[in-house]
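Protein chains in written order, with our numbering: chain A, 1 to 403; chain B, 404 to 644.
Heads up, the beta-carbon is just placed ideally off N, CA and C, and yes, glycines get one too.
To keep things clear, I will list the structure first and then write my remarks on it.
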Amino acid sequence: MSIVETVRVALASILANLLRSSLTMLGIIIGVAAVITMVALGTGAQRAVDAQIAQLGTRVLSVMAGQSFRRGVASANRVSLTVDDYEALVRDAPLLTEVVPELSGGRQIKFGNKNLFHDVVGTTPNFPGVHAVDVRAGTMFTAGDLATRRRVVVLGSEIPQNLEMAPESLIGRTVAINRVPFEIIGVFEEVGERFGPEPDDRLFIPLTTAELRVFGQDRLRGLSAQVVDGVSLEMGMVDIERVLRREHKIRPGEDNDFMILNRRQFMEMAQASTEIFAYLLASIAGVSLLVGGIGIMNIMLVSVTERTREIGVRKALGATRFNILMQFVVEALTIGVLGGVLGIALGGGAAWALTELVNWNVFISVDAILLAVLFSVGVGLFFGIWPARRAAQLDPIEALRHD
Amino acid sequence: MAESAATSDAQPVIQVKGLHKHYRMGAETIRALNGVDCTIRENEYVAVMGPSGSGKSTLMNIIGCLDQPSAGEYWLSGENVSTLGDGALARVRNRRIGFVFQTFNLLPRANALHNVEVPLLYGGIGRRGRRIRAREALERVGLGDRMDHRPNELSGGQRQRVAVARALVNEPSILLADEPTGNLDSRTGQDIMDLFGTLHQAGQTIILVTHEPEVARRAGRHVHLMDGVVTEDYLTQEPDA
Ligand SMILES: Nc1ncnc2c1ncn2[C@@H]1O[C@H](COP(=O)(O)OP(=O)(O)OP(=O)(O)O)[C@@H](O)[C@H]1O
Ligand SMILES: [Mg+2]
């Protein structure tokens, strides 16, 4: 019998058993699609975190104003971080290359007839560099602007959106912060959600201007510090602690009234948890794969009786073992390849939909596709061919009597 | 004891010697065939008879190369069947033997036409040739108007006729039929038997199993089985009535 005839017989058999064929295919499709989507999600999340780490660098420490404790009792009304502390760190902490203060609070913003309420941050020109934010339009303010306490503002990327204005067209326009007019000199690029300061919905003004014209006080919400290359973050933390404890006149044995956060630790935690997330998804995918595989196996084994009789009939009428085997190989291959292709399409489509519609990070991994396809198609092939092979070994009459 | 009836000078097609078929059922051994000797020559028309369970189907299956004997020899046209490999056996089943089963054994998901085409498929006949010959065979058994029906859309008698058409389609030299009229009314039964008669006159070797004297009467030779042995084997008065 020619290969063309064999293929024809196999295809006719697939069509004659459409329900069984499509259920088998479904098992493969579900397994493959689940693995592709889940692994794409897990890998995507991991890559997103890795990308943030790479982007932000891991040389940055954050110092937050905390509470001071006197004999275990929190005293609420103590200033714990001030512009003086910032200046002391710049002056006296040799292990820090950059120090970025943040003097901030929510303020009324007025532009034309629009009223908004946003966080306004007084900071220094090194903010974009340390926090890896790009300036999209205009410029960041300069040390000169700081020295002269100019009323200039750089906007986070959401502000132009809220004002329904193109970022470029806002440069040179005036916006009122607490009724004080500021000239818009720059707009930041969108950063999105991430660990660390999220600049998108904030406005940035020179520290000195913020202290004297907007907030009227010098309490910092926090500051960030970049550690000198080649020095460990821990050494940097010790340096900050030494300077601030001296500034705050904290005696030995007393607790710090500030907190130093090592962002890398958070990143590593995040990394660890996305890894767990990825493993979780991968195991869900693995379960789907297994269930799909069991489904395939089930269908194939349930149909063994019918198919064994069919093999008996075909052999009684002159089919050789090889004829039978080839028919079943072609059947299983067709179903397997078709199911695999549809599964890849469905899984890829789902991953695509998650990126496009829900804006999740996905990354389709070739390894996962290979694994899923090999497994599902392998199960399909094995359980499609193995019982047939056994039945083909029988005398026709035994196959015909099978029940 | 059985007396040998085959005294013609025609070539022996089938020769079985000391044929045994045993089934182990737990501690018990069922001797479905218990030493059968028989020679069948070209163009003989043999009716195998005997009570239910006497081993008729078992014998037919071995002669049809569908089953292997537990002991004994089977020579088909001077060839020892037990020495044949898978490919040679498949060729024998395909070209030499047409088998009508007691239980039809049609492919349930294929229509009548496709069922009848199967032997031609494994015989290497092209698509168009298969179609033509399968149609002819079905028309010969009076099923020209049921070609696209599946077995479950046919009556028992119609299924049996599909099975007969399938057995005949590849023009086998030996036609084996296990109760071919068992499920037919006397009218269609007679049509089938007339067909067998015509085939026999054209040189076909036929072995059939039957319980009906009407059917057996047409055969030129009767072989009686009882408990797995041949008890009687004789030529009839009026072969090919
Ligand atoms: N696969 C089997 N396993 C065990 N015993 C079997 C098997 N096939 C047949 N037998 C036994 O062998 C004996 C002969 O069976 P066979 O089918 O040849 O009888 P038969 O003469 O064709 O009967 P019937 O006229 O009812 O068709 C019976 O006793 C049966 O029970
Ligand atoms: Mg029987």
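Answer with buried or exposed for residue i, where buried requires no fewer than 16 other C-beta atoms within 10 angstroms of its C-beta.
i: M326(A); result: buried
i: I3(A); result: exposed
i: Q561(B); result: buried
i: M404(B); result: Any reading at M404(B) must be qualified, since the residue scores a pLDDT of 40, below 50, and its modelled position is unreliable; the value itself is stated next. So M404(B) counts as exposed.
i: R590(B); result: exposed
i: R433(A); result: The requested residue 433(A) is not part of the displayed model; chain A covers only 1 to 403.
i: T43(A); result: buried
i: K420(B); result: exposed
i: L19(A); result: exposed
i: Y86(A); result: buried
i: Q226(A); result: buried
i: N586(B); result: buried
i: F383(A); result: buried
i: M235(A); result: exposed
i: E542(B); result: exposed
According to DSSP, is residue i helix, strand or coil?
i: N573(B); result: coil
i: M1(A); result: coil
i: R149(A); result: coil
i: V405(A); result: No information on residue 405(A) is available, as it lies outside the stretch 1 to 403 that chain A covers here.
i: R202(A); result: strand
i: N555(B); result: helix
i: S169(A); result: helix
i: R549(B); result: coil
i: D597(B); result: helix
i: I364(A); result: coil
i: I29(A); result: helix
i: S376(A); result: helix
i: I385(A); result: helix
i: P181(A); result: strand
i: R91(A); result: helix
i: T24(A); result: helix
i: A605(B); result: coil
i: R8(A); result: helix
i: E431(B); result: strand
i: T37(A); result: helix
i: I53(A); result: helix
i: R560(B); result: The amino acid at residue 560(B) is misidentified as Arg; the sequence shows Gly. Correct three-state label for G560(B): helix.
i: V565(B); result: helix
i: R314(A); result: helix
i: G645(B); result: This structure leaves residue 645(B) out entirely; chain B is present only between 404 and 644.
i: L81(A); result: coil
i: V187(A); result: strand
i: I14(A); result: helix
i: V175(A); result: strand
i: I610(B); result: strand
i: A408(B); result: A caution first: A408(B) carries a pLDDT of 48, below 50, which makes its placement in the model unreliable, though a value can still be read off. Looking at A408(B) - three-state DSSP - the assignment turns out to be coil, as it is neither helix nor strand.
Along the chain, where does the alpha helix (DSSP H) containing residue i start, and where does it finish?
i: E542(B); result: R530 to R543
i: S273(A); result: R263 to V302
i: V60(A); result: Counting along the chain, V60(A) falls outside any alpha helix (DSSP H), though it belongs to the beta strand (DSSP E) covering V60 to A65.
How is the beta strand (DSSP E) around residue i delimited, first residue to last?
i: E102(A); result: L96 to F111
i: N323(A); result: It is not in any beta strand (DSSP E) - N323(A) instead sits in the alpha helix (DSSP H) that spans R321 to V358.
i: Q226(A); result: G222 to V227
i: E398(A); result: Counting along the chain, E398(A) falls outside any beta strand (DSSP E), though it belongs to the alpha helix (DSSP H) covering P396 to R401.
i: P348(B); result: In this structure chain B extends from 404 to 644, so residue 348(B) is not present and cannot be described.
Give the interface partners of residue i over in chain E, defined as CB-CB distance under 9 angstroms, in chain order.
i: E310(A); result: Protein chains in the displayed structure are A and B, and chain E is not among them.
request  = Note down, in chain order, all residues in the segment 457-491 of chain B with a beta-carbon under 7 angstroms from any beta-carbon belonging to chain A.
outcome  = N464, L469, D470, Q471, D489 and G490
task = Could you tell me which uninterrupted beta strand (DSSP E) segments, each at least 3 residues in length, are contained entirely in the segment 438-516 of chain B, listed from first to last along the chain?
result = 448-452, 474-479 and 500-503
task = Could you list the residues in the segment 370-397 of chain A with a C-beta less than 8 angstroms from some C-beta on chain B, going in chain order?
result = Answer set for the segment 370-397 of chain A: D395, P396 and I397.
ask   = Can you list, in chain order, the residues of the segment 1-14 of chain A whose Cβ is nearer than 9 angstroms to any Cβ on chain B?
value = M1, S2, E5, R8, V9, A12 and S13
Interface residues of the segment 518-546 of chain B facing chain A [CB-CB below 7 angstroms] = V521, P522, L524, Y525, G526 and G527
key: beta strand (DSSP E) runs wholly inside the segment 115-162 of chain A, at least 3 long, in chain order   = 135-138 and 152-155
request  = Check each residue of the segment 314-325 of chain A: if its Cβ is closer than 9 angstroms to any Cβ of chain B, include it; give the result in chain order.
outcome  = Answer set for the segment 314-325 of chain A: R314, K315, A316, L317, G318, A319, T320, R321, F322 and N323.
query = Taking a cut of 8 angstroms between CB atoms, which residues from the segment 282-303 of chain A lie near chain B?
reply = none
inquiry  = At a CB distance below 8 angstroms, what residues from the segment 14-45 of chain A approach chain B? Give them in sequence order.
reply    = A16 and N17
ask   = Taking Cβ-Cβ distances below 9 angstroms as the criterion, which residues of the segment 550-564 of chain B are in contact with chain A?
value = none
key: Runs of beta strand (DSSP E) wholly within the segment 612-644 of chain B (minimum 3 residues, chain order)   = 624-629 and 632-638
task = Compile a chain-ordered list of the residues in the segment 572-592 of chain B whose CB is closer than 7 angstroms to at least one CB of chain A.
result = none
ask   = Of all the residues that make up the segment 410-428 of chain B, which are near chain A by a beta-carbon distance shorter than 7 angstroms?
value = none
message = Short of 7 angstroms Cβ to Cβ, which residues in the segment 328-339 of chain A face chain B?
response = none
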